[in-house]
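Engineer: This is the structure, below, for whatever I ask next.
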Amino acid sequence: MHVVVIIQARMTSTRLPNKIMLPLGDKTVLGQVLTRCKKIKGVNEVCCAIPIGKEHDILINEIKKYQCTVFRGSESNVLERYYQAAKVTKADIIMRITSDCPLINPEVCSQVLKRHIENNSQYTCNNMVPSWPHGYDCEVFGIEQLEEAMKYSTLPEDYEHVTEWMRRSLKVDNFINPAGNQYHHRLTLDTMEDYIRLQKIFAESWNDEDIIE
267 MHVVVIIQAR MTSTRLPNKI MLPLGDKTVL GQVLTRCKKI KGVNEVCCAI
317 PIGKEHDILI NEIKKYQCTV FRGSESNVLE RYYQAAKVTK ADIIMRITSD
367 CPLINPEVCS QVLKRHIENN SQYTCNNMVP SWPHGYDCEV FGIEQLEEAM
417 KYSTLPEDYE HVTEWMRRSL KVDNFINPAG NQYHHRLTLD TMEDYIRLQK
467 IFAESWNDED IIE
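Per the numbering used here, residue 267 is the first one in the sequence shown, and the count goes up by one each step.
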């Protein structure tokens with residue numbers, strides 16, 4: 267069983283362009299994501315799926331620096347990009363993570379993956395009913411479910427957000443935060459305000475538990 271984390275990444279974010287290459291701590295934002303994803307227990311490979319286009323070329327060396335796989339595909343059809351990345355990496359199980367979550371928690375992701383495998387679930391996530399800090403989001407599904415999404419997706423959001431068809435059509439196994447609702451803690455990167463907040467977090471001495479106190 268080959269388990270692959272596939273991270274979608276691009277340089278053309280509209281609200282904060284080039285955000286994933288901004289410095290954060292001792293790495294770039296993308297470097298923080300890649301480093302954390304490599305710590306997820308049970309994962310065999312980390313792949314970064316980026317669009318074709320010269321504006322995204324800068325990402326290639328950054329991804330390779332962390333010994334992660336680069337896949338390039340459609341910018342607008344992210345579902346297709348994910349599917350082709352999964353096929354190229356020969357993934358049996360895929361974990362979906364986005365590149366704007368530099369504090370993605372490897373332990374939480376490990377638990378989501380473990381739950382998915384033990385329950386033989388179709389689709390497992392930790393955000394169908396949000397309870398974890400915003401920025402801890404991860405989703406796990408099999409190659410069969412991704413193939414079904416490719417076959418049956420029809421709506422524009424299905425192609426942009428990858429798992430929309432799965433969330434509507436499959437049995438969802440949602441991993442609720444046992445500590446209660448902490449979704450009000452915003453640890454994702456969409457705006458300059460988010461970036462300033464994250465810079466302050468990384469400037470201090472912290473661990474993941476401290477962040478959500």
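The beta carbon of each residue, even a glycine, is placed where N, CA and C say it ideally should be. Keep in mind the model is a prediction, meaning the values are calculated, not measured.
Can you check the stretch 313 to 388 for any beta strand (DSSP E) of at least 3 residues that lies completely inside it and give the ranges in chain order?
Structural biologist: Here the runs fully enclosed are 335 to 339, 359 to 364.
Engineer: Take P283 and list the residues in its own chain whose beta-carbon comes closer than 8 Å to its own, dropping the five residues that flank it on each side.
Structural biologist: On the sequence shown, residue 283 is found 17 positions in, with the first residue counted as 1. M277, listed in sequence order.
Engineer: Quick one: what's got a C-beta closer than 6 Å to E341's C-beta in the same chain, skipping five residues either side?
Structural biologist: Looking up residue 341 in the sequence shown gives position 75. Once the five neighbours on either side are set aside, the close Cβ partners of E341 are P317.
Engineer: Residue ranges of each beta strand (DSSP E) run of no fewer than 3 residues wholly in the stretch 398 to 444, ordered along the chain?
Structural biologist: Listed in chain order, the complete beta strand (DSSP E) runs (minimum 3 residues) inside the stretch 398 to 444 are 405 to 408, 438 to 440.
Engineer: Report the residue from E410, R281, Q377, V295 whose alpha carbon sits nearest the alpha carbon of L464.
Structural biologist: Walking along the sequence shown from the start, residue 464 turns up at place 198. When only C-alpha atoms are compared, the closest one is V295.
Engineer: When every heavy atom of the ligand ATP is checked, does at least one fall within less than 6 Å of the C-beta of T457?
Structural biologist: As presented, the structure is devoid of all ligands, the ligand ATP included, so that no description of it is given.
Engineer: Does K285 pass the burial test, meaning 16 or more other C-beta atoms within 10 Å, or should it be called exposed?
Structural biologist: Position 19 of the sequence shown holds residue 285. Burial call: buried.
Engineer: In chain order, what residues of the same chain have a beta carbon less than 8 Å from the beta carbon of H268, not counting five sequence neighbours either side?
Structural biologist: Counting from one through the sequence shown, the residue named residue 268 turns up at place 2. Excluding positions up to five away in sequence, the list reads N310, E311, T355, K356, A357, D358, I359.
Engineer: What does E311 pair with, by DSSP beta-bridge criteria?
Structural biologist: Counted from its first residue, the sequence shown places residue 311 at position 45. According to DSSP, E311 bridges with V270.
Engineer: Nearest to I329 by alpha carbon, out of N443, I272, G408, E384?
Structural biologist: To locate residue 329, count along the sequence shown from 1; it is residue 63. When only C-alpha atoms are compared, the closest one is I272.
Engineer: Please state the DSSP three-state secondary structure of R452.
Structural biologist: Position 186 of the sequence shown holds residue 452. In the structure shown, R452 sits in a strand (DSSP, three-state: E or B).
Engineer: Ordered along the chain, which non-local residues of its own chain (more than five positions away) have a Cβ less than 7 Å from that of L288?
Structural biologist: The residue given as residue 288 occupies position 22 in the sequence shown. For L288, where only same-chain residues beyond five positions count, the Cβ hits under 7 Å are T294, V295, Y461.
Engineer: Compare the beta carbon distance of R302 and I370 with 7 Å and say whether it is the shorter of the two.
Structural biologist: Looking up residue 302 in the sequence shown gives position 36. Looking up residue 370 in the sequence shown gives position 104. Yes, they are a contact pair.
Engineer: Whose CA, out of V374, Y349, K307, T457, lies closest to the CA of A415?
Structural biologist: Along the sequence shown, one-based indexing puts residue 415 at 149. Comparing Cα-Cα distances from A415 to each of V374, Y349, K307, T457, the minimum goes to Y349.
Engineer: Look up I477 in the DSSP assignment and say whether it is helix, strand or coil.
Structural biologist: The count along the sequence shown starts at 1 and reaches residue 477 at position 211. Confidence at I477 is low in this model, with a pLDDT of 49, below 50, so its placement is unreliable and the value that follows should be read with caution. If DSSP states are grouped into helix, strand and coil, I477 belongs with the helices.
Engineer: Give a yes or no on contact between the stretch 377 to 389 and the stretch 321 to 338, applying the rule of three or more CB pairs nearer than 8 Å.
Structural biologist: Verdict: no, contact absent.
Engineer: Which of the three DSSP states is assigned to L464 in this structure?
Structural biologist: By 1-based counting over the sequence shown, the position of residue 464 is 198. It is helical.
Engineer: Could you please give the first and the last residue of the uninterrupted alpha helix (DSSP H) stretch that includes L296?
Structural biologist: Looking up residue 296 in the sequence shown gives position 30. That run of the alpha helix (DSSP H) goes 295 to 303.
Engineer: With a threshold of 16 other CB atoms inside 10 Å of the CB of N447, please say whether the residue is buried or exposed.
Structural biologist: Along the sequence shown, read from residue 1 onward, the residue named residue 447 stands at position 181. N447 is exposed by the Cβ-count criterion.
Engineer: I'd like the list of long-range same chain contacts for R452, defined as Cβ closer than 6 Å, with 5 residues on each side in sequence excluded.
Structural biologist: Numbered from 1 along the sequence shown, position 186 holds the residue referred to as residue 452. Result list for R452: H400, in chain order.
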